[in-house]
Amino acid sequence: MNEQQIAYRIKQILSRGLDLDSEKLSRLKFAREGALARQRVESNAPALAWASNVFGRLGSSFSFVPRVVLSMAVLILGLISVNQWRESQVAAEIEEIDAAVLTGDLPLDAYLDKGFDAWLKRSSH
Amino acid sequence: MAKALIALALWLCISFSAFAATPQKKSLTWTELTPEQQQILAPLATDWDKLEPERKRKWLGIAKRYPKMKPEGQVRVQKNMQAWMKLTPEERRAARERYKKIETLPPDKKQALKQQWDEYNRLPEQERRKLGSTPRKPIAATPAAAPDAGSTVAPAAPASAQ
Numbered sequence: 001m002n003e004q005q006i007a008y009r010i011k012q013i014l015s016r017g018l019d020l021d022s023e024k025l026s027r028l029k030f031a032r033e034g035a036l037a038r039q040r041v042e043s044n045a046p047a048l049a050w051a052s053n054v055f056g057r058l059g060s061s062f063s064f065v066p067r068v069v070l071s072m073a074v075l076i077l078g079l080i081s082v083n084q085w086r087e088s089q090v091a092a093e094i095e096e097i098d099a100a101v102l103t104g105d106l107p108l109d110a111y112l113d114k115g116f117d118a119w120l121k122r123s124s125h
Numbered sequence: 001m002a003k004a005l006i007a008l009a010l011w012l013c014i015s016f017s018a019f020a021a022t023p024q025k026k027s028l029t030w031t032e033l034t035p036e037q038q039q040i041l042a043p044l045a046t047d048w049d050k051l052e053p054e055r056k057r058k059w060l061g062i063a064k065r066y067p068k069m070k071p072e073g074q075v076r077v078q079k080n081m082q083a084w085m086k087l088t089p090e091e092r093r094a095a096r097e098r099y100k101k102i103e104t105l106p107p108d109k110k111q112a113l114k115q116q117w118d119e120y121n122r123l124p125e126q127e128r129r130k131l132g133s134t135p136r137k138p139i140a141a142t143p144a145a146a147p148d149a150g151s152t153v154a155p156a157a158p159a160s161a162q
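So the protein sequences, as listed, match chains A and B.
Residue 34 in the working numbering is what sits at position 34 of the first sequence, and the numbering runs on without skipping anything.
Residue 25 in the working numbering is what sits at position 25 of the second sequence, and the numbering runs on without skipping anything.
If you want it as structure tokens, here you go:
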């Protein structure tokens, strides 16, 4: 007798009706309610299961190579940002100095004339 | 998923570096400047479009500072603009270094420099040459701002010592 045949026999017996006492009935009722409650939880679960699956996959496939690439990308972005910041600092300093040189009361030649520098040194001694 | 992450990382890198490079590449032409900027930077008008973007940015920064400068500073900056722009990068670098050195001097010595410069210029040229002085580049007497430049630009003042 295979599985299908057993199921058919059980169905026939059940269709004829069972003479069960109240204790068995209450146990059956309890078991049925328990099964239904579990079924409800499972039917709510797919969304969670899907998310868990995605993150699970992400975690598992987020292996060595992508991690290295992502770290490299973060490092490169960091270096670019630092470089940009440094360049802007240098540019700001140049702007500051140029503005001071151009507005100062010393003429430009005074900053350029090497003889003036030498003369100052000589006269200060 | 891993490929998507790599692609995302690369895309981030490329887009960020492109974004970072954009302001450097952006270079305003003379006609794109505001009338006020044109007025302040008038001595650079003819050479503006040939300037490198970073130099343009510096001059725009100086133009931004211009309204806060003292009137005599405004006159000087416009008088010196063209001469400064015509210097070689090495000369500008040397002048900046010299400025930094001067800034470390005590205030009394700094103030005396102008007088010392005048004194030095009274020396015979031959003597100055011996000290290492090189022939100076003629500083073009630039009509600082265009004649119709309006009132925010200070009128040309008499040239200072040199």
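Beta carbons are placed, not taken as given, at the ideal position from N, Cα and C, and that holds for glycine.
Nearest CA to the CA of residue i: which residue from the options?
i        : options                                 : result
Leu187/B : Arg86/A, Val68/A, Leu108/A and Leu75/A  : Since the first and last residues shown for chain B are 1 and 162, residue 187/B lies out of range.
Lys50/B  : Met69/B, Thr34/B, Trp30/B and Leu41/B   : Trp30/B
Phe116/A : Pro124/B, Ser133/B and Pro53/B          : Ser133/B
Ala45/B  : Gln78/B, Ala94/B, Lys109/B and Trp117/B : Gln78/B
Arg55/B  : Ile10/A, Ala99/A and Ala110/A           : Ala99/A
Gln126/B : Pro135/B, Ile62/B and Pro106/B          : Pro135/B
Lys126/A : Glu91/B, Gln82/B and Pro106/B           : No information on residue 126/A is available, as it lies outside the stretch 1 to 125 that chain A covers here.
Met218/B : Leu70/A, Val101/A and Pro66/A           : Limits of chain B in this structure are 1 at one end and 162 at the other, which puts residue 218/B out of reach.
Trp59/B  : Glu95/A, Trp119/A and Leu77/A           : Glu95/A
Gly61/B  : Pro106/B, Glu32/B, Gln37/B and Pro89/B  : Gln37/B
Just reading off the alpha helix (DSSP H) that residue i is part of, what are its end residues?
i        : result
Pro66/A  : Phe64 to Thr103
Asn2/A   : Careful: Asn2/A lies outside any alpha helix (DSSP H) and carries neither H nor E.
Leu28/B  : Neither: Leu28/B is in no alpha helix (DSSP H) and is coded neither H nor E.
Ser133/B : Unbroken run through Ser133/B: none, as it is neither H nor E.
Asp49/B  : No alpha helix (DSSP H) holds Asp49/B; DSSP gives it neither H nor E.
Gly115/A : Lys114 to Ser124
Met69/B  : It is not in any alpha helix (DSSP H) - Met69/B carries neither H nor E in the DSSP assignment.
Asp118/B : Pro107 to Asn121
Pro35/B  : Pro35 to Ile40
Pro89/B  : Pro89 to Glu103
Please report the Cβ distance between residue i and residue j, rounded to the nearest whole angstrom; I am assuming they are in contact, meaning their Cβ atoms lie under 8 Å.
i        : j        : result
Tyr99/B  : Ile97/A  : 6 Å
Arg129/B : Thr103/A : Going by Cβ atoms, the distance from Arg129/B to Thr103/A rounds to 30 Å, so no, they are not a contact pair.
Ala95/B  : Leu106/A : The pair is not a contact, with the Cβ atoms about 10 Å apart (cut-off 8 Å).
Ala63/B  : Leu41/B  : 5 Å
Trp117/B : Ala110/A : 5 Å
Ile102/B : Lys114/B : Their Cβ separation, rounded to whole angstroms, is 11 Å, which puts Ile102/B and Lys114/B out of contact at 8 Å.
Trp165/A : Leu131/B : The requested residue 165/A is not part of the displayed model; chain A covers only 1 to 125.
At a Cβ cut of 7 Å, what residues of the stretch 66-92 of chain A count as close to chain B, listed as they run along the chain? Pro66, Val69, Leu70, Ala73, Ile76, Leu77, Ile80, Gln84 and Ala91
Residues in the stretch 105-124 of chain A with C-beta within 8 Å of chain B's C-beta atoms, listed in sequence order? Asp105, Leu106, Pro107, Leu108, Asp109, Ala110, Tyr111, Leu112, Asp113, Lys114, Gly115, Phe116, Asp117, Ala118, Trp119, Leu120, Arg122 and Ser123
Give me the subset of the stretch 103-115 of chain B whose CB atoms are less than 7 Å from a CB atom of chain A, sorted by chain position. Leu113 and Lys114
Going along the stretch 31-42 of chain B in order, which residues come within less than 8 Å of chain A, judged by CB to CB distance? none
Pull out every residue of the stretch 39-68 of chain B whose Cβ sits closer than 8 Å to any Cβ of chain A, in chain order. Glu54, Arg57, Lys58, Gly61, Ile62 and Arg65
Interface positions of the stretch 81-92 of chain B facing chain A (Cβ-Cβ less than 9 Å), listed along the chain: Met81, Ala83, Trp84, Leu87, Glu91 and Arg92
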